[in-house]
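Following: one structure in structure tokens, then a few remarks.
Residue numbers (mature numbering (1 follows the signal peptide of the UniProt record, and there is no 0)): -19 to -1, 1 to 158.
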């Protein structure tokens, strides 16, 4: 009987604890990358690189939403004259999407420079940076799939994905709220 009473009291205590409003689980806020594409009509003609970035619910000035576009006279699809530090529509954001031959991958690098309180007593220049890699075959393989008699046309697109940047100031949101 004492054991049953003890179990009842323990279960009541656990129920009360679980019913208390507590601190919700906080998780890092990623950048949402969408509309990522690389393309050209054929070798020796113009190439283009495009993507969109959404950083919500991170508040401004650290949070931002922007579009990035770059064009060049690409001699070879995705390989020649790629963006390394191209400005986006938001002048505080730059991006690069370029081949990294030493590791045989393509690297997407995004940098956001903003002015704010990122450590120390006074506002200063803060930097958030994110990097993502794509396999060589993912990018160049798509060009090989669409070759034609007039030269090599190329295109690469990617479904939306989340990139977790290294932030000067952590940005968190509530998970399961």
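Beta carbons: idealized from backbone N, C-alpha and C, even for Gly. It should be emphasised that the depicted structure is a prediction, and the values quoted were computed from it without experimental measurement.
Where do the ends of the beta strand (DSSP E) carrying residue i lie?
i, result
"residue 106", "105 to 116"
"residue 155", "153 to 156"
"residue 142", "142 to 144"
Any idea what DSSP makes of residue i, helix, strand or coil?
i, result
"residue 16", "strand"
"residue 135", "strand"
"residue 94", "strand"
"residue 101", "coil"
"residue -1", "With a pLDDT of only 39 at residue -1, under the threshold of 50, the placement of this residue in the model should not be trusted; the figure read from the coordinates follows. Of the three classes helix, strand and coil, the one that applies to residue -1 here is helix, per DSSP."
"residue 130", "Caution is warranted here: a pLDDT of 45 is assigned to residue 130, below 50, making its placement in the model unreliable, and no coordinate value can be reported."
In angstroms with no decimal places, state the Cα-to-Cα distance between residue i and residue j.
i, j, result
"residue 53", "residue 13", "25 Å"
"residue 119", "residue 137", "8 Å"
"residue 74", "residue 80", "20 Å"
"residue 27", "residue 15", "22 Å"
"residue 114", "residue 142", "12 Å"
"residue 135", "residue 11", "29 Å"
"residue 50", "residue 30", "6 Å"
"residue 6", "residue 71", "31 Å"
"residue 47", "residue 89", "16 Å"
Can you check DSSP and say which residues form a bridge with residue i?
i, result
"residue 86", "81, 116"
"residue 29", "20, 52"
"residue 76", "67, 91"
Are the C-beta atoms of residue i and some chain C residue less than 8 Å apart?
i, result
"residue 17", "In the structure shown, chain C cannot be found, because there is only a single protein chain."
Could you give the uninterrupted runs of the beta strand (DSSP E) lying entirely in the stretch 49 to 73, keeping only those of 3 residues or more? none
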